[in-house]
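Read through the structure below, which is laid out as structure tokens, and then see the notes.
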Amino acid sequence: MKVRGPWKPGEAENLVAWQNCDWVHPFTCPNRGDGKHKAFAQTASASGMAAALERGGDVGVLAVHIDGFLCPFCAIRRTGATISC
Ligand SMILES: [Zn+2]
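Note that my numbering gives residue 1086 to position 69 of the sequence shown, counting from 1, and the numbers run on in steps of one.
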């Protein structure tokens, strides 16, 4: 299933719940393997930001934006994503 912003009423809330769910893989930044995302998450952990940037040992978890997703590190924006069910 493909989802594409801008979000309809209720979709953003559901996507935030998906991104914070412990038993699904969140939507992540396509650049998360560059090493810089992990280094940033490790630095941010000292300031309490790690929960927003790292989950389950993974980094590059995207934030839900009003019309898509946003990477808090590299500011890459995605308007759509695919969910495999
Ligand atoms: Zn990124």
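Where is the CB? At the ideal position from N, CA and C, for every residue including glycine. Quick caveat: nothing in here was measured; it's all calculated off a predicted structure.
By the three-class DSSP mapping on this structure, what secondary structure does V1041 have?
What you label residue 1041 is simply residue 24 of the sequence shown in a count that begins at 1. V1041: coil per DSSP, three-state reduction.
Would the beta-carbon of F1057 be found less than 7 angstroms away from any heavy atom of ligand 1?
Locating residue 1057 in the sequence shown gives position 40, counting from the first residue. Not under cutoff, so the answer is no.
Under three-state DSSP, which class holds K1053?
Here residue 1053 refers to the residue found at position 36 when the sequence shown is read from its first residue. Helix at K1053.
So, H1078 versus K1055, is the Cβ gap smaller than 8 angstroms?
The residue you call residue 1078 lines up with position 61 of the sequence shown. The residue you call residue 1055 lines up with position 38 of the sequence shown. Checking the sequence, you will find Val at residue 1078 rather than His. No, Cβ-Cβ distance for V1078 and K1055 is not below 8 angstroms.
Only counting the same chain, and skipping five residues up and downstream in sequence, which positions put a Cβ closer than 6 angstroms to that of F1057?
Position 40 of the sequence shown, counting from 1, holds the residue named residue 1057. F1090, listed in sequence order.
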